[in-house]
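Engineer:
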Amino acid sequence: MRLRVEFTTEPFDLDRVPPHAEAARDVLQGAGLDAVDVGPFGNSAEGVGDAVLAAVQQVLSASLRSGATRVSLQVSVVDEERTP
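Counting in my numbering, the sequence shown runs from 272 upward without gaps.
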């Protein structure tokens, strides 16, 4: 099964990237997932189910340890037909 995760970390800081957002970005970029998109107001990635779920756990742990007060996330099953 392929999954897609989309998430944001808070609080937002428009003047600089907060440490919790940097921590989440670093985890996501190092997780070996496909279609990683890191942005100022949200992040997303796709991959094999177990890899995505492991990355979600790491994102939650790293961002909360780094000062996030909220992590909003959505995990969706991706149509297998769309895989590269």
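From the three backbone atoms N, C-alpha and C, an ideal C-beta is built for every residue, glycine too.
Computed from a predicted structure; not experimentally measured.
1. In terms of residues, what are the limits of the beta strand (DSSP E) holding Glu-293?
2. Using only CA atoms, which one of Glu-351, Arg-341 and Ala-316 lies nearest to Glu-277?
3. Given Gly-313, which residues of its chain have a CB within under 8 Å of its CB, disregarding the five upstream and five downstream residues?
4. Compare the C-alpha of Val-327 against each of Ala-294, Phe-283 and Pro-290 and name the closest.
5. For His-291 and Glu-351, I'd like the C-alpha separation in whole angstroms.
6. Since Ala-306 is in the beta strand (DSSP E), which residue starts that stretch and which ends it?
7. Tell me whether Thr-354 sits in a helix, a strand or coil according to DSSP, three-state version.
8. Exposed or buried, Ser-347, counting other C-beta atoms within 10 Å across all chains shown (16 or more means buried)?
Structural biologist: With the structure as the only source:
1. Numbered from its first residue, the sequence shown carries residue 293 at position 22. No beta strand (DSSP E) contains Glu-293, which is instead part of the alpha helix (DSSP H) from 290-300.
2. Locating residue 277 in the sequence shown gives position 6, counting from the first residue. Among Glu-351, Arg-341 and Ala-316, the Cα nearest to that of Glu-277 belongs to Ala-316.
3. Counted from its first residue, the sequence shown places residue 313 at position 42. Here the set comprises Glu-277, Phe-278 and Thr-279.
4. Taking the sequence shown and counting its residues from 1, the one referred to as residue 327 is at position 56. Cα-wise, what sits closest to Val-327 is Ala-294.
5. The sequence position of residue 291 within the sequence shown is 20, counting from 1. The sequence position of residue 351 within the sequence shown is 80, counting from 1. Spanning the two alpha carbons is a distance of roughly 32 Å.
6. Residue numbering aside, residue 306 sits at position 35 when the sequence shown is read from its first letter. Residues 305-309.
7. For this step, residue 354 is matched to residue 83 along the sequence shown. Low confidence applies here, because Thr-354 scores a pLDDT of 49, under 50, leaving its location unreliable and the question unanswered by this model.
8. As a working note, residue 347 is residue 76 in the sequence shown. Burial call: exposed.
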